[in-house]
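Student:
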């Protein structure tokens, strides 16, 4: 087999507009990083700026690789990649048992590899293969079981690291692809319902109403009475158990969950970041304070301001106008990519597009939702803008998968 | 290699994803709109509050002048050694150097820092009011003293020419319990507040408005630049012009220097206090400069109680100066006429007890009884008059209630009446013999020197009751305007002219006749009227009183001199009063 059997760079089919807009975003990122790393009374730290440019170069390399890789190769080796990826996630666990350290990274000399990042590509490829196979019918309930297994292994491992953010991203990728695969909405409802039941269980009235809705939907959609009753009772059981579980956990664990939901409960702890971030954003106002004029960022009130909270810096300095422009660029790209799935040549290509786009969308929403206080602080960076070489490589890789799906 | 399957993806599912993505972006944009547009002002001020550290600039207190425009209280620069807790923590050697330079032990300096410290980045005073030599030494060695510097603060200085701590009061760092009491008025730890006298009474006018300097700080509260980001200048306190005359005050202090007592001169037409001395007094400067324990003890443990303002808080039996009340009541109630005579045998027997008189006066009319201060005459009067009419006239003379002077802590004295005796001794458990004591200003009767001078004023004006006061005008810093406060005036209008004239005549003879008890107070040419009092008291020698007034046109002054254990009013009190009036008369001439 020759190299050409695995890779071909399809220049003519490359979506240059996507690439151009992404470069604009990385430019915004560079400007914001320059601002976020220059503190009052010190020279701007150009080290971050240059490292980011190196990260962009690395990202481009990953983009070219995943854009060029042939889909036939991906289809053939999806399982192999999946097994390798899973082993790589397990390795840090073993390493951390030997020497104390975090569970997330594998250090190879000067480089650090975060296997959960690469697992995103692999999961998308693997799920794209599973969902595009025609031998199973999305009209059967058991259709979901195999892909659910594919999702469960890496999700569980990453959740244990613990990396809640990545787990949520995996689930989002899976959810969107499952939905796009044409799986019956009723079955999707059956999967989602117990999670909503947990939330509903905190208020007895809401729980009652929700129970009636669940019951109606289940009994109207299914003729198998045993299955229906079982499903309904399962939901009720989950709901009834929830308060017991909640009261069973330690108060500090309850506190942690509540702080996640409402940061103002803990203004000097986890809530501090979110409150300071909101002050930064809100004080930016309509037009912003101007480049390098953000007091929250330059006086070091913002935590993680060049990585996770970079959007707060931009909001403070460029205001509502700047933010709206950037969000429109993101929105335009995401919608443009999703639309590519409709015209893709094959289901596999379409699934790659759906998976890659959803991964990027999930990152954007989780990050921005966190900086504005809509979502818990999970420490996920913003694609193409946040500082960090590793995540730039992930983002450009996902872009590569998406545009690869669009090509040919 | 497996084949790619032709795209059989449901178009509408993808469109649903597309719409959901759009909705997510809209949610984010709405959230930004809410934060940046709707709640902009809130977050803007929170950001400003984040980055700016407010440092107070204390306002200089208002200056207090006497009636001639001479400064009684003003401000002088005071140098303090301060340390920055965060810096000196990294340079502990500074403490040793400070100890060597100042001679104050390290432990004391560190204790002072802890006491005055709030926040690690704000300077804390470790030594107050250092002298010029120390100031120069610190500044010479400032490079070897990281974390320490000399700060500048205005402190209060009180005129050297007088020692009227009781009148002017003093300032000091606010005490913790007062901080709690005045927490709504914006006082902070380390603030200077007026205690006692004018400083306390007019605290609101004198304190001024604190200024602020804003410094940019990082998230740890550490200032970033030396220069202030923004500054609001303090508004100095308002200037007060008092009614007192500094020169006369000094004369009065010197006349009373050997005695415990009080002297007050008041303009009986408008209530202006020209001089107001309580002796002994204290030096307000000692408080302003921060006194040592020994200095404090010398004041607080002095048996002559210099911190006690006798003018407004000293309640004493008035003695014979009270006799005019019975005279007025008896005349008005037609119990006696000016010609009514009683015989004084030097003693008056009642219920088996003898009530004495100073001399054997023989047969005397009212005029002679006042001038000679005959007790027996008034024993006879009160028995016919009765307590109810008598106490009604004492109240007309405004006894038993505070005068309302603008000084803190004035006491009301006691003006006994039937209800008082019932309450004090029980109904029908007291006897008329007590009246005999009370009518000559003994027994349960207590007045303050200030009430006595107002009483003199009422007699002088035939019924005008003024509010004695010290504040003549306020010069407001803001708007540069001047306000003259109005003081209440009322009249006793149900006493006949002939009665007033009789009292005048008695008091005229007391001073100006050769046989009057108050003749030592006489100043020829001042048209003086007066009455002495000698009040027996259980604590030792009797107290000496003199009240009097001049009826000279353009010299409408009433005076009281009270000498604790001064034996007879004619011995010390009356001559002091005469000298004081004379001094002021000639001072005004110049």
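Residue numbers (the numbering used here), protein chains in the order written: chain Y, 0 to 407; chain B, 559 to 1148.
Even for Gly, the Cβ is constructed at its ideal location relative to N, Cα and C.
Spell out whether any CB of chain Y is found under 7 Å from the CB atom of residue 598 of chain B.
Tutor: As a position in the second chain, residue 598 of chain B is number 40, starting the count at 1. Chain Y, which has a Cβ nearer than 7 Å to the Cβ of residue 598 of chain B, makes this yes.
Student: Classify residue 854 of chain B: buried if its beta carbon has 16 or more other beta carbons within 10 angstroms, exposed otherwise.
Tutor: Taking the first residue of the second chain as position 1, residue 854 of chain B is located at position 296. Classification for residue 854 of chain B: exposed.
Student: Leaving out five residues before and five after residue 1020 of chain B in sequence, what residues of the same chain have Cβ atoms less than 6 Å from its Cβ?
Tutor: The count along the second chain starts at 1 and reaches residue 1020 of chain B at position 462. 1058.
Student: Give the interface partners of residue 595 of chain B over in chain Y, defined as CB-CB distance under 7 Å, in chain order.
Tutor: Start at 1 with the first residue of the second chain, and residue 595 of chain B comes out as number 37. Chain Y residues near residue 595 of chain B: 285 and 319.
Student: Between residue 380 of chain Y and the rest of its own chain, which residues show a CB-CB distance below 7 Å, the 5 nearest in sequence each way excluded?
Tutor: Residue numbering aside, residue 380 of chain Y sits at position 381 when the first chain is read from its first letter. The answer, listed in chain order, is 306, 307, 366, 387 and 390.
Student: Between the C-alpha atoms of residue 639 of chain B and residue 1031 of chain B, what's the straight-line distance to the nearest angstrom?
Tutor: As a working note, residue 639 of chain B is residue 81 in the second chain. As a working note, residue 1031 of chain B is residue 473 in the second chain. Their backbone Cα atoms lie some 37 Å apart in a straight line.
Student: Please return the same chain residues whose Cβ sits closer than 6 Å to the Cβ of residue 1042 of chain B, not counting the five positions on each side in sequence.
Tutor: Counting from 1 along the second chain, the entry for residue 1042 of chain B is found at position 484. Cβ neighbours of residue 1042 of chain B beyond the five flanking positions: 1031.
Student: So, helix, strand or coil for residue 559 of chain B, using DSSP?
Tutor: If you number the second chain from 1, residue 559 of chain B lands on position 1. Model confidence at residue 559 of chain B stands at a pLDDT of 44, short of 50, so the residue's coordinates are unreliable; what they give is reported in the following sentence. In this structure, residue 559 of chain B counts as coil in the three-state DSSP scheme.
Student: Would you please verify whether the beta carbon of residue 295 of chain Y is less than 7 Å from any beta carbon of chain B?
Tutor: The count along the first chain starts at 1 and reaches residue 295 of chain Y at position 296. At least one chain B Cβ lies under 7 Å of residue 295 of chain Y.
Student: In the DSSP assignment, what are the bridge partners of residue 973 of chain B?
Tutor: Residue numbering aside, residue 973 of chain B sits at position 415 when the second chain is read from its first letter. None; residue 973 of chain B has no bridge partner.
Student: Look up residue 16 of chain Y in the DSSP assignment and say whether it is helix, strand or coil.
Tutor: Residue numbering aside, residue 16 of chain Y sits at position 17 when the first chain is read from its first letter. Helix.
Student: Within the chosen definition, does the stretch 839-852 of chain B reach the stretch 709-728 of chain B through at least 3 CB pairs nearer than 8 Å?
Tutor: Output reads yes: the stretch 709-728 of chain B touches the stretch 839-852 of chain B.
Student: Using only alpha-carbon positions, find the residue among Y/281, Y/294, Y/335 and Y/359 that is nearest to residue 370 of chain Y.
Tutor: The residue you call residue 370 of chain Y lines up with position 371 of the first chain. For residue 370 of chain Y, the nearest C-alpha among the options comes from Y/281.
Student: Count the other C-beta atoms from every protein chain shown that fall within 10 angstroms of the C-beta of residue 1142 of chain B, then say buried if there are 16 or more, exposed otherwise.
Tutor: Translated into the one-based positions of the second chain, residue 1142 of chain B becomes position 584. When all chains shown are included, residue 1142 of chain B counts as buried.
Student: Under the rule that 16 or more other beta-carbon atoms within 10 Å means buried, what is residue 559 of chain B, buried or exposed?
Tutor: In the second chain, counting from the first residue as 1, residue 559 of chain B sits at position 1. Its pLDDT being 44, under 50, residue 559 of chain B is placed unreliably by the model, and nothing is read from it.
Student: I want to check one thing, is the minimum distance from the CB of residue 849 of chain B to the heavy atoms of the ligand NAP below 6 Å?
Tutor: For the ligand NAP, the structure offers nothing, since it holds no ligand at all.
Student: According to DSSP, is residue 8 of chain Y helix, strand or coil?
Tutor: In the first chain, the residue the question calls residue 8 of chain Y occupies position 9. DSSP places residue 8 of chain Y in coil when its eight states are reduced to three.
Student: Whose Cβ in chain B lies nearer than 8 Å to the Cβ of residue 179 of chain Y?
Tutor: The residue given as residue 179 of chain Y occupies position 180 in the first chain. Per Cβ cutoff of 8 Å: 567, 568, 571, 572 and 575.
Student: Return the first residue and the last residue of the beta strand (DSSP E) that residue 1094 of chain B is part of.
Tutor: Counted from its first residue, the second chain places residue 1094 of chain B at position 536. Here the beta strand (DSSP E) through residue 1094 of chain B covers 1086-1095.
Student: Give the interface partners of residue 601 of chain B over in chain Y, defined as CB-CB distance under 9 Å, in chain order.
Tutor: Here the question's residue 601 of chain B lines up with position 43 in the second chain. Under the 9 Å cutoff, chain Y gives 277, 278, 279, 280, 281, 282, 283 and 284.
Student: What residue range is occupied by the uninterrupted beta strand (DSSP E) comprising residue 1022 of chain B?
Tutor: Working through the second chain from its first residue, we reach residue 1022 of chain B at position 464. 1022-1024 is the span of the beta strand (DSSP E), which, as asked, contains residue 1022 of chain B.
Student: Please report the residue range of the beta strand (DSSP E) in which residue 709 of chain B lies.
Tutor: As a first step, residue 709 of chain B is located in the second chain; it is residue number 151 there, counting from the start. From DSSP, the beta strand (DSSP E) with residue 709 of chain B extends over 706-716.
Student: Can you list the residues of chain B that residue 383 of chain Y reaches, using a CB-CB cut of under 9 Å?
Tutor: Here the question's residue 383 of chain Y lines up with position 384 in the first chain. Per Cβ cutoff of 9 Å: no residues; residue 383 of chain Y is ~16 Å from chain B at best.
Student: Taking Cβ positions only, does residue 123 of chain Y come closer than 7 Å to chain B?
Tutor: The residue given as residue 123 of chain Y occupies position 124 in the first chain. No, no contact with chain B.
Student: Among Y/169, Y/229, Y/87 and Y/70, which has the Cα closest to the Cα of residue 345 of chain Y?
Tutor: Sequence index remark: in the first chain, residue 345 of chain Y carries index 346 (1-based). Among Y/169, Y/229, Y/87 and Y/70, the Cα nearest to that of residue 345 of chain Y belongs to Y/70.
Student: Any C-beta of chain Y sitting closer than 7 Å to the C-beta of residue 1151 of chain B?
Tutor: Look at the range of chain B in this structure, 559 to 1148, and you will see that residue 1151 of chain B is not part of it.
Student: Between which two residues does the alpha helix (DSSP H) carrying residue 736 of chain B extend?
Tutor: Against the second chain, residue 736 of chain B aligns to sequence position 178. Run containing residue 736 of chain B: 734-739, per the alpha helix (DSSP H) assignment.
Student: Within 7 Å (strictly less), CB to CB, does residue 583 of chain B reach chain Y?
Tutor: Your numbering for residue 583 of chain B matches position 25 in the second chain. By this cut-off, residue 583 of chain B is an interface position.
Student: For residue 186 of chain Y, return the contacting residues in chain B, with the cut-off set at a CB-CB distance below 9 Å.
Tutor: Position 187 of the first chain holds residue 186 of chain Y. Near residue 186 of chain Y there are no residues of chain B at all, since even the closest Cβ is about 14 Å away, more than 9 Å.
Student: When you compare only the Cα positions, how much space is there between residue 1065 of chain B and residue 714 of chain B?
Tutor: In the second chain, residue 1065 of chain B corresponds to position 507, counting from 1. In the second chain, residue 714 of chain B corresponds to position 156, counting from 1. Going by the C-alpha atoms only, they are around 44 Å apart.
Student: Could you tell me the alpha carbon to alpha carbon distance between residue 114 of chain Y and residue 86 of chain Y, rounded to whole angstroms?
Tutor: Here residue 114 of chain Y refers to the residue found at position 115 when the first chain is read from its first residue. Here residue 86 of chain Y refers to the residue found at position 87 when the first chain is read from its first residue. Between residue 114 of chain Y and residue 86 of chain Y, the C-alpha separation is close to 9 Å.
Student: Can you tell me whether residue 347 of chain Y is buried or exposed, with buried defined as 16 or more other CB within 10 angstroms of its CB?
Tutor: Counting from 1 along the first chain, the entry for residue 347 of chain Y is found at position 348. It counts as buried.
Student: Compute the beta-carbon to beta-carbon distance between residue 958 of chain B and residue 1006 of chain B, rounded to the nearest angstrom, for a pair I have assumed lies under 8 Å.
Tutor: By 1-based counting over the second chain, the position of residue 958 of chain B is 400. By 1-based counting over the second chain, the position of residue 1006 of chain B is 448. In fact, because the Cβ distance is near 11 Å, the residues do not count as touching under 8 Å.
Student: How should residue 578 of chain B be labelled, buried or exposed, when 16 other C-beta atoms within 10 angstroms of its C-beta is the threshold for buried?
Tutor: Here residue 578 of chain B refers to the residue found at position 20 when the second chain is read from its first residue. Flag for residue 578 of chain B reads exposed.
Student: Name the chain B residues whose beta carbon is nearer than 9 Å to that of residue 368 of chain Y?
Tutor: Position 369 of the first chain holds residue 368 of chain Y. Those are 582, 585, 586 and 589, listed as they occur along chain B.
Student: Could you tell me which residues DSSP pairs with residue 682 of chain B in its beta bridges?
Tutor: By one-based count along the second chain, residue 682 of chain B stands at place 124. Paired residues: B/641.
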